[in-house]
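These notes concern the structure reproduced below.
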Amino acid sequence: MIFSCSSSDNVDNIITYDMLINGYTGKGTYIYDDSSKYVGEYLNGMRHGKGVYSYKDGEMYEGQFKYDKKHGKGKYSYTDGESYEGEYKNDMMHGYGIYIFSDGKVLEGKWEKATFVGK
């Protein structure tokens with residue numbers, strides 16, 4: 002697992018929309034209007050650092066964020082059982098990563114702008 006919250010992480014701190022637009026920095030939980038949820042670190046009102054973003058459809062990203070985008074190491078889990086674990090840049094799979102399909106097939110190697118380019 003790339004990231005996990007412990008009780009000492011203070012993620013029980015509920016973040017409000019006003020806190021975000023006023024540049025909140027720290028740890029906490031924000032629930033979006035569509036019921037998706039982010040639990041993790043913020044910088045100047047943006048997801049920045051380690052966190053978990055749970056989408057309303059059940060998909061989940063767990064890992065690093067930079068200025069509100071997936072960036073760094075992370076794992077994205079899809080509702081159909083597929084997953085990608087590896088590097089992200091500007092919200093896209095980019096760098097080394099492993100994609101596991103629901104049938105067990107594995108793509109492992111280099112990704113560029115969300116496209117697999119090989120080993």
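Be aware that the sequence shown starts at 2, since it is given in the working numbering, and climbs by one per residue. Just so you know, even glycine gets a beta-carbon here, dropped at the ideal spot from N, CA and C. Computed from a predicted structure; not experimentally measured.
Nearest neighbour of residue i, chosen from the options [CA to CA]
| i | options | result |
| --- | --- | --- |
| SER84 | SER55, VAL53, VAL118, PHE102 | PHE102 |
| ASN1 | THR80, TYR25, ASP104 | The structure shown has nothing for residue 1, since the chain only spans 2 to 120. |
| SER55 | THR116, TYR77, LYS114, TYR100 | TYR77 |
| ILE22 | LYS74, GLU60, ASP69, LYS57 | ASP69 |
| MET94 | VAL118, GLY59, THR17, LYS106 | VAL118 |
| MET47 | TYR62, ASP35, ILE16 | ILE16 |
| SER36 | GLY64, GLU88, ALA115, GLU60 | GLU60 |
| GLY87 | THR80, ASP81, HIS72, TYR79 | HIS72 |
Length of the line joining the Cα atoms of residue i and residue j
| i | j | result |
| --- | --- | --- |
| GLY110 | ASP19 | 42 Å |
| GLY96 | LYS90 | 8 Å |
| TRP112 | ILE99 | 9 Å |
| LYS120 | GLY105 | 18 Å |
| THR116 | TYR62 | 18 Å |
| ASP92 | ASN14 | 25 Å |
| GLY41 | THR80 | 22 Å |
| TYR31 | VAL53 | 11 Å |
| GLY27 | GLY82 | 32 Å |
| GLY29 | LYS114 | 30 Å |
Residue i, enclosing beta strand (DSSP E) - first and last residue
| i | result |
| --- | --- |
| THR116 | 116–119 |
| GLU83 | Here GLU83 belongs to no beta strand (DSSP E), and DSSP marks it neither H nor E. |
| GLY105 | Where GLY105 is concerned, there is no enclosing beta strand (DSSP E), given that its DSSP letter is neither H nor E. |
Residue i vs residue j beta-carbon contact at 8 Å
| i | j | result |
| --- | --- | --- |
| LYS67 | HIS49 | yes |
| GLY64 | LYS57 | no |
At 3 residues or longer, what runs of the beta strand (DSSP E) sit wholly inside the segment 2–69?
27–32, 38–44, 47–55, 61–67
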